[in-house]
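A.B. asks:
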């Protein structure tokens, strides 16, 4: 049914397409519909209600990173690391490998997992080559993005088919089994298409079973009618195997995971003369991780006697997440200087896992939101931003997340901002409904033989409330055109309450809303482009954390700094250098104590240009400084490099 | 009987004379405004023309659906001035011109004017135009005035704009601006041309072009430039509203008045017209919303208007 409606719409829109003809005065007199409508216009940094960092395409190219998650090393106060070689994560503030406090969107589609929270970055059906830019909100913004836009929002915008028309081939090979092959075609007349096929392989960390093998497919179609409608549809898939488990873990011996992650998305936008723009979006995410771990031989004590638990028994950890989301949004400019957005959404999240939830039944969580935002410019110097999100979830109940910011812009080059905001992070299914029971056979003497024994690892009491954050922030955005530089800086204070943490009660872990924390800090980023050939981006963050959980104080590095320098050399050779420094900390969850670390990456790109073809050959060296640890002691990041050939034709 | 017949002939002659009277009154030196369409822009140009021309000579106004080829042939045989407004009217007049009447076409793109085919026997001094587009000095003058930091100006055109590109190159050299030009042979090449031009441009200047930039692809062009974060200088008020950060254009009324000023210098006896011109009057518009979103700091609009010599009239 959905397909029929979609095809009908598409045919109707295509039929309206116009034809080129001899140039006449009509080209000058035609009353074009407003193309860059309020909803299409991104908010300038000076008007943004919270601190923002934009990672654009030149930064992505200059960084030399191969994985999307690594890009967030470029964001002040953000911590990107590897839980295992194929499981990167991005966190800030109270850092943990589950990274549940951050909303992540790809073209408006939330990829935050409803099962255990966070994002399965290696299972995102999106190639690095297809990212146009990433807008990162460095603080709570639930009023705009809803639940889980708690300590940050990552908004990834993919490249429009028109901007990448033609063929592109990328081949990369390097240390640690790095092999990447990407092919993309984009084109089309009235309907513009982009198709990407990719295969990535990586051996992961030395001595670990954490390899990555990820075939990927991504498609985006766009139809921009001459009149008032536009239609965008996307789908993608990523699969492949991932190495998992550790020799030293008796219940999690090395094994494979098989990933099946796909999505479908359609967005219809209609401009209504005099009434702004209406957008209707529908998407579906599906992620299935098939995983059967095995155990090592270990002794099990019964009544003072140890009995062997034979090795190689299967522990099925399959985990499925399925999301349907529909949203309608209306953007309008009711009067000069005022921009308003309001809308609503409905979502259904289904999860299934015998290992995590104790049965094969699907667990559902329905949620709905109603939101509104207003941007009012009172004068060239004063701007008010206000927004509120009302939401209701089966898990966690109803809540209100307001946000208000007042901007004083004494001149076009300088803006000061005072922001107050509240946000919620709703419990994920695992926190609310965990029931992890492990059953293994223990070898008992005759006549018992192999006898099953069970141990409950996690059991949730349920009834969790959403976590809360109150944020107050003073910010400054300054532009210095005389020296081609800009600065963005802020001081902030975040107060968390009802934080959810797992705690062991007797032998079983449960989740509780018992914790609170206060984070105070400041961060800044500087961009300087002294010439068309040189670009310097520097960032620094300071964070002081305290709370009623002893683990909180050290759960994030107190200091972090980064530098990305790119320079165009004679002959259009591009040289870039990234330097990232992170202070010592101990991540929550299973994080090991980490000393401060530094990392320097270099990239050198030689252009290739022939008739009808252009591209480059790049050499990337990562971590030219000392080896350092990625979150765990076992994840030693050593020096490595790769060579990449990229051609557009 | 013969007397009755004579009387009948006289009556018929009188009747024909009376019927033809309105068409031939003041047989020489009439002005015929021929509107390509009855739409508002054409009426606006015609009204401005009539108001500025005054009562010097009779001015008659027609729309294309009221006039056929025969009528044009008759006008062209007199010492009249035919003023087609727009390309369609210009085509009708050019295709059916058989005499020596002067033709002043107004509100026509310069590239289309160059393609009109006039009878070889009609002296070129009797043909003139008021172009709807802007001279290169104005377009690049606006780039200079509104985007003082911009040094690289992107341009996507087809070969039909070769003449304009030549003038733009000269003007750009004078202003120390670098032009990044991509020439397309088909409309389908515009997207790739933009991809080549935009990363190397501080501003994209739009030139009207039947292949490169037209109403059918204006939306895609604007969306693409926005994704590349490059501000656009457009050539119409519509483009400014749609998303171009700045635009320079002459309104139909401004063009109509320019036509009237040129027509006042026309005398039926000689029939000569002043050379083809752009409208002296023109307007500049900004789209502050798009500029702000792109982080472009625009100077005061009135200052820019003063600097480039534009009129305040929107």
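Chains as they are written, first to last, in this note's numbering: chain F, 107 to 755; chain V, 976 to 1289. Each residue gets a CB set at the ideal place from its N, CA and C atoms; glycine is no exception. The structure presented is a predicted model; accordingly, all values stated were derived computationally and were not measured.
Please classify residue 1019 (chain V): does DSSP put it in a helix, a strand, or coil?
C.D. replies: Reduced to three states, the DSSP call for residue 1019 (chain V) is helix.
A.B. asks: Name the DSSP beta bridge partners of residue 1050 (chain V), please?
C.D. replies: For residue 1050 (chain V), which the question treats as bridged, DSSP gives no partner whatsoever.
A.B. asks: Note down, in chain order, each residue of its chain lying with its Cβ closer than 7 angstroms to the Cβ of residue 1282 (chain V), except the 5 sequence neighbours on either side.
C.D. replies: Cβ within range, chain order: 1120.
A.B. asks: Taking Cβ to Cβ, would you say residue 323 (chain F) is nearer than 8 angstroms to residue 305 (chain F)?
C.D. replies: No, the pair does not count as a contact, with Cβ atoms beyond the cut-off.
A.B. asks: Scan the region 1065–1087 of chain V for residues whose Cβ lies nearer than 8 angstroms to a Cβ of chain F and list them as they occur along the chain.
C.D. replies: Within the region 1065–1087 of chain V, the residues whose Cβ lies closer than 8 angstroms to some Cβ of chain F are 1082, 1083, 1084, 1086 and 1087, listed in chain order.
A.B. asks: Between residue 994 (chain V) and the rest of its own chain, which residues show a CB-CB distance below 7 angstroms, the 5 nearest in sequence each way excluded?
C.D. replies: With a pLDDT of only 43 at residue 994 (chain V), under the threshold of 50, the placement of this residue in the model should not be trusted; the figure read from the coordinates follows. Nothing meets the Cβ criterion.
A.B. asks: Measure the CB-CB distance between residue 174 (chain F) and residue 227 (chain F) and report whether it falls below 8 angstroms.
C.D. replies: For residue 174 (chain F) and residue 227 (chain F), yes; Cβs fall inside 8 angstroms.
A.B. asks: Relative to chain F, which residues along the region 1107–1137 of chain V have a C-beta separation below 8 angstroms, given in chain order?
C.D. replies: Against chain F - using a Cβ distance shorter than 8 angstroms - the residues of the region 1107–1137 of chain V are 1107, 1108, 1124 and 1135.
A.B. asks: Are the region 342–361 of chain F and the region 386–404 of chain F touching by the rule of at least three beta carbon pairs closer than 8 angstroms?
C.D. replies: Because the criterion of three Cβ pairs below 8 angstroms is met, the region 342–361 of chain F and the region 386–404 of chain F touch.
A.B. asks: Mind pulling the beta strand (DSSP E) runs of 3 or more residues that sit fully within the region 374–430 of chain F?
C.D. replies: Here the runs fully enclosed are 382–400, 404–408, 411–415 and 420–422.
A.B. asks: Mind checking if residue 1265 (chain V) is an interface residue toward chain F, Cβ cutoff 8 angstroms exclusive?
C.D. replies: Chain F, which has a Cβ nearer than 8 angstroms to the Cβ of residue 1265 (chain V), makes this yes.
A.B. asks: Looking at the C-beta of residue 1213 (chain V), does it have a partner C-beta in chain F at a distance below 8 angstroms?
C.D. replies: Chain F, which has a Cβ nearer than 8 angstroms to the Cβ of residue 1213 (chain V), makes this yes.
A.B. asks: For the beta strand (DSSP E) containing residue 1080 (chain V), list its first residue and its last residue.
C.D. replies: Counting along the chain, the beta strand (DSSP E) containing residue 1080 (chain V) begins and ends at 1077–1083.
A.B. asks: Note down, one range per segment and in chain order, each beta strand (DSSP E) of at least 3 residues found wholly within the region 694–750 of chain F.
C.D. replies: Those beta strand (DSSP E) runs which fall completely within the region 694–750 of chain F and span 3+ residues are 703–716 and 719–728.
A.B. asks: In whole angstroms, give me the CA-to-CA distance for residue 716 (chain F) and residue 162 (chain F).
C.D. replies: Near 27 angstroms, if we compare the C-alpha coordinates of residue 162 (chain F) and residue 716 (chain F).
A.B. asks: Cα separation between residue 1041 (chain V) and residue 491 (chain F)?
C.D. replies: Cα to Cα, residue 1041 (chain V) sits roughly 57 angstroms from residue 491 (chain F).
A.B. asks: Quick one: any contact between the region 521–538 of chain F and the region 601–620 of chain F, if contact means 3 or more CB pairs under 8 angstroms?
C.D. replies: The region 521–538 of chain F vs the region 601–620 of chain F: in contact.
A.B. asks: Using the Cβ count rule (16 or more neighbours within 10 Å means buried), how would you classify residue 484 (chain F)?
C.D. replies: Exposed, since its Cβ has fewer than 16 Cβ neighbours within 10 Å.
A.B. asks: Under 6 angstroms Cβ to Cβ from residue 451 (chain F), same chain only, skipping five residues before and after it: list those, please.
C.D. replies: The answer, listed in chain order, is 433 and 475.
A.B. asks: Would you say residue 1232 (chain V) reaches chain F, if we count a Cβ-Cβ gap shorter than 8 angstroms as a contact?
C.D. replies: Not an interface residue.
A.B. asks: So with Cβ pairs under 8 angstroms, would you call residue 75 (chain F) a contact of chain V?
C.D. replies: Residue 75 (chain F) cannot be examined here, being either before or after the span of chain F that is shown, 107 to 755.
A.B. asks: DSSP three-state call for residue 135 (chain F): helix, strand or coil?
C.D. replies: If DSSP states are grouped into helix, strand and coil, residue 135 (chain F) belongs with the helices.
A.B. asks: Hey, is the region 231–243 of chain F in contact with the region 257–271 of chain F, meaning 3+ C-beta pairs nearer than 8 angstroms?
C.D. replies: Taking 8 angstroms as the limit for Cβ pairs, the verdict is that the region 257–271 of chain F does touch the region 231–243 of chain F.
A.B. asks: Can you tell me where the alpha helix (DSSP H) with residue 85 (chain F) in it begins and where it stops?
C.D. replies: In the structure as shown, chain F starts at 107 and stops at 755, and residue 85 (chain F) therefore has no counterpart that could be examined.
A.B. asks: Once DSSP output is grouped into helix, strand and coil, what is the label at residue 673 (chain F)?
C.D. replies: If DSSP states are grouped into helix, strand and coil, residue 673 (chain F) belongs with the strands.
A.B. asks: Tell whether a beta-carbon distance below 8 angstroms holds between residue 579 (chain F) and residue 157 (chain F).
C.D. replies: Yes; because the gap between Cβ atoms is below 8 angstroms, this pair is in contact.
A.B. asks: Span of the beta strand (DSSP E) holding residue 321 (chain F)?
C.D. replies: Counting along the chain, the beta strand (DSSP E) containing residue 321 (chain F) begins and ends at 318–330.
A.B. asks: Which residue or residues does DSSP assign as beta-bridge partners of residue 630 (chain F)?
C.D. replies: F:595 and F:646, per the DSSP bridge assignment.
A.B. asks: I'd like the span of the beta strand (DSSP E) that includes residue 238 (chain F), first residue to last.
C.D. replies: Element bounds for residue 238 (chain F): 237–243.
A.B. asks: Where does residue 267 (chain F) sit, in a helix, a strand or coil, going by DSSP?
C.D. replies: Residue 267 (chain F): helix per DSSP, three-state reduction.
A.B. asks: Name the residues in the region 1182–1215 of chain V whose C-beta lies less than 7 angstroms from a C-beta of chain F; which are they?
C.D. replies: So the list reads 1183, 1184, 1185, 1186, 1189, 1190, 1191, 1193, 1194, 1195, 1197, 1198, 1199, 1201, 1202, 1210, 1211, 1213 and 1214, given in the order they occur along the chain.
A.B. asks: Apart from the five residues just before and just after residue 935 (chain V), which ones in its own chain have a Cβ nearer than 6 angstroms to its Cβ?
C.D. replies: Residue 935 (chain V) lies beyond the stretch modelled for chain V, which goes from 976 to 1289, so this question has no answer here.
A.B. asks: Taking Cβ to Cβ, would you say residue 168 (chain F) is nearer than 8 angstroms to residue 672 (chain F)?
C.D. replies: Contact flag set, yes.
A.B. asks: Starting from residue 1231 (chain V) and walking both ways along the beta strand (DSSP E), at which residues does that stretch end?
C.D. replies: Residue 1231 (chain V) -> not in any beta strand (DSSP E); alpha helix (DSSP H) instead, spanning 1227–1238.
A.B. asks: With the cut-off set at 8 angstroms, would you say residue 345 (chain F) and residue 362 (chain F) are in Cβ contact?
C.D. replies: Contact flag unset, no.
A.B. asks: Contact between the region 679–697 of chain F and the region 729–740 of chain F: three or more CB pairs below 8 angstroms?
C.D. replies: In short, these stretches touch, since the Cβ pair count reaches three.
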